[in-house]
Amino acid sequence: MSAFTIEFQNHPGRLADLCEVMAARDVNLVICGLAHGDSGTVAFIADDESAARSALRDAGLDATERDALTVRLKNAPGAGAATFRKLADAGVNVEVFLPVRVSDSQFVAVLCVDDHDAAAAVLGNAVA
Numbered sequence: 793m794s795a796f797t798i799e800f801q802n803h804p805g806r807l808a809d810l811c812e813v814m815a816a817r818d819v820n821l822v823i824c825g826l827a828h829g830d831s832g833t834v835a836f837i838a839d840d841e842s843a844a845r846s847a848l849r850d851a852g853l854d855a856t857e858r859d860a861l862t863v864r865l866k867n868a869p870g871a872g873a874a875t876f877r878k879l880a881d882a883g884v885n886v887e888v889f890l891p892v893r894v895s896d897s898q899f900v901a902v903l904c905v906d907d908h909d910a911a912a913a914v915l916g917n918a919v920a
């Protein structure tokens, strides 16, 4: 699985532009964005990565694509703290954190990290 990130100027309509480009190719996104001042970053996963890559290229949108891990955690206080502490103690840096689904019992997120093997070893069964 891949996660994509795009850096944008923080102007009205930029997120709409991205979503319209993907909708025109029938690509569904799970998306998270952060804006601060004049710039913003959008991270997303797509249900059709090949179509997303093609749509981004054709639209002239400069995206970074990273390998991603899916993690499933218990939806309870401290679950995130324990998970991110394990990663930090193993020297693993989290580059992208994208919440995907939350239920009463489970929290699912996509993570891009700088060391997949170390993250998978540390997180064990939490990695889907």
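793 is the number of the first residue of the sequence shown in this note's numbering; add one for each residue after it. Using N, Cα and C, we set each Cβ at its ideal position, and we do this for glycine too. Since the model is a prediction, treat every value here as computed from it, not as a measurement.
Review point. Should L826 go down as buried or exposed, given a rule of 16 or more other Cβ atoms within 10 Å for buried?
Key: Indexing the sequence shown from 1 puts residue 826 at position 34. Exposed is the call here.
**Study point:** Residues that DSSP places opposite F876 in a beta bridge
**Key:** Here residue 876 is taken as the residue at index 84 of the sequence shown, counted from 1. DSSP lists no partner for F876.
Check your understanding: In three-state terms, what does DSSP make of H828?
Key -> Taking the first residue of the sequence shown as position 1, residue 828 is located at position 36. Of the three classes helix, strand and coil, the one that applies to H828 here is strand, per DSSP.
**Study point:** Separation of N867 from D909, as counted between CA atoms
**Key:** Locating residue 909 in the sequence shown gives position 117, where the first residue counts as 1. Locating residue 867 in the sequence shown gives position 75, where the first residue counts as 1. So the alpha carbons of these two residues sit roughly 24 Å apart.
Exercise for review: Report the rounded CA-to-CA distance for G870 versus P891, giving the unit in angstroms.
Suggested key: Taking the first residue of the sequence shown as 1, we reach residue 870 at position 78. Taking the first residue of the sequence shown as 1, we reach residue 891 at position 99. Distance between the alpha carbons of G870 and P891: 16 Å.
Practice item. Determine the DSSP secondary structure at A860, reduced to helix, strand or coil. Key: The sequence position of residue 860 within the sequence shown is 68, counting from 1. Of the three classes helix, strand and coil, the one that applies to A860 here is coil, per DSSP.
Practice item. Evaluate V902 with the Cβ neighbour count: other Cβ atoms within 10 Å of its Cβ, from every protein chain shown; 16 or more gives buried, anything less gives exposed. Key: Along the sequence shown, read from residue 1 onward, the residue named residue 902 stands at position 110. Classification of V902: buried, given that the 10 Å Cβ count is 16 or more.
Point to revise | Presumed contact (8 Å Cβ cut-off) between M814 and A860, rounded CB distance | key: Residue mapping note: residue 814 aligns to position 22 of the sequence shown, counting from 1. Residue mapping note: residue 860 aligns to position 68 of the sequence shown, counting from 1. Contact doesn't hold; Cβ gap of about 17 Å is too wide.
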